[in-house]
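A quick write-up on the structure given underneath.
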Amino acid sequence: MKPQFSLFGPAALADGLEGVLHSEAARQNVTELIGQIDAIILQLDQLRQRLTLGIGPPWILDAMALPPQLVEKYIAAAAFSRWFAYRVDRVSDSVVRSSLLYSDYTDWCAGQALAPSAVMSRTAFGRALGREGIPAGKKDHRGRIMRRGAKLRVNVGADRHGDQ
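Residue numbers (the numbering used here): 188 to 351.
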């Protein structure tokens with residue numbers, strides 16, 4: 188026995204929706220709905236293919252589609268990476284105050300003319316240092332946080348602000 192109502196099955200398509208829907212407007216709405224569902228299925232399939240290939244969703248590649256807060260986080264992370272590359276040497280036995288590193292970072296960002304909102308907070312800066320393998324050590328006798336494994340470069344000249 189053939190099912191009487193099926194939006195997506197062969198019965199609805201074979202009968203042209205005649206026995207199921209009685210008005211032209213209802214048939215048009217269902218046809219539009221099926222078209223929208225097909226478009227969503229196609230987009231999901233494309234997304235699955237992108238994820239399988241390791242490309243990522245298209246909105247990751249399109250900075251204009253990102254919320255401004257997320258864009259500013261990316262800018263801050265990029266600024267930190269550039270500052271770290273230009274201004275910090277990894278020296279395993281070196282110890283430096285975290286506040287000195289942060290002060291140099293903010294000066295460097297000012298030299299780059301970055302918006303204040305693109306400069307990392309002290310907390311985010313500390314976490315970024317930790318991810319770079321510069322962990323927080325013990326506090327000094329004045330209670331200031333010390334970092335082990337990093338040293339600020341001296342005599343960097345024009346490279347102080349990353350100018351080429």
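A virtual CB, placed ideally from N, CA and C, is assigned to each residue, including glycine.
Note that this is a predicted model, so its numbers are computed, not measured.
Residue i versus residue j - alpha carbon distance
i: A297; j: S268; result: 15 Å
i: V283; j: L238; result: 42 Å
i: I321; j: A337; result: 6 Å
i: K260; j: I224; result: 35 Å
i: I227; j: L240; result: 20 Å
i: H328; j: A315; result: 25 Å
i: A266; j: A311; result: 13 Å
i: P303; j: Q230; result: 38 Å
i: L220; j: Q236; result: 24 Å
i: L185; j: A212; result: Nothing in the structure corresponds to residue 185, since the chain is present only between 188 and 351.
i: G330; j: W295; result: 25 Å
i: D232; j: N216; result: 24 Å
Helix, strand or coil at residue i [DSSP, three-state]
i: S281; result: strand
i: D178; result: Examination of residue 178 is not possible in this model, given that the chain is present from 188 through 351 alone.
i: L339; result: strand
i: G330; result: coil
i: A323; result: strand
i: A311; result: helix
i: Q223; result: helix
i: S268; result: helix
i: Q299; result: coil
i: V306; result: coil
i: S290; result: helix
Environment of residue i [buried if 16+ CB atoms lie within 10 Å]
i: R274; result: buried
i: V341; result: exposed
i: S308; result: exposed
i: S285; result: buried
i: G313; result: buried
i: L288; result: buried
Nearest to residue i (by Cα), restricted to the options the options
i: S281; options: T310, R334, Y289 and R309; result: R334
i: V161; options: L339, R214 and Q215; result: Nothing can be reported for residue 161, as the shown portion of the chain is limited to 188 through 351.
The ligand SAM heavy atom lying under 7 Å from the CB of residue i
i: W295; result: Among the ligands in the structure shown, none appear at all, so the ligand SAM cannot be discussed.
Contacting residues, own chain, Cβ-Cβ under 7 Å from residue i (five flanking each side not counted)
i: F271; result: E319
6 Å CB neighbourhood of residue i in its chain, flanking five on each side removed
i: A263; result: A305 and M307
i: D276; result: K338 and R340
Proximal residues to residue i (C-beta, below 8 Å), its chain only, five neighbours per side dropped
i: T293; result: V306
i: G317; result: A323
i: K326; result: I332 and M333
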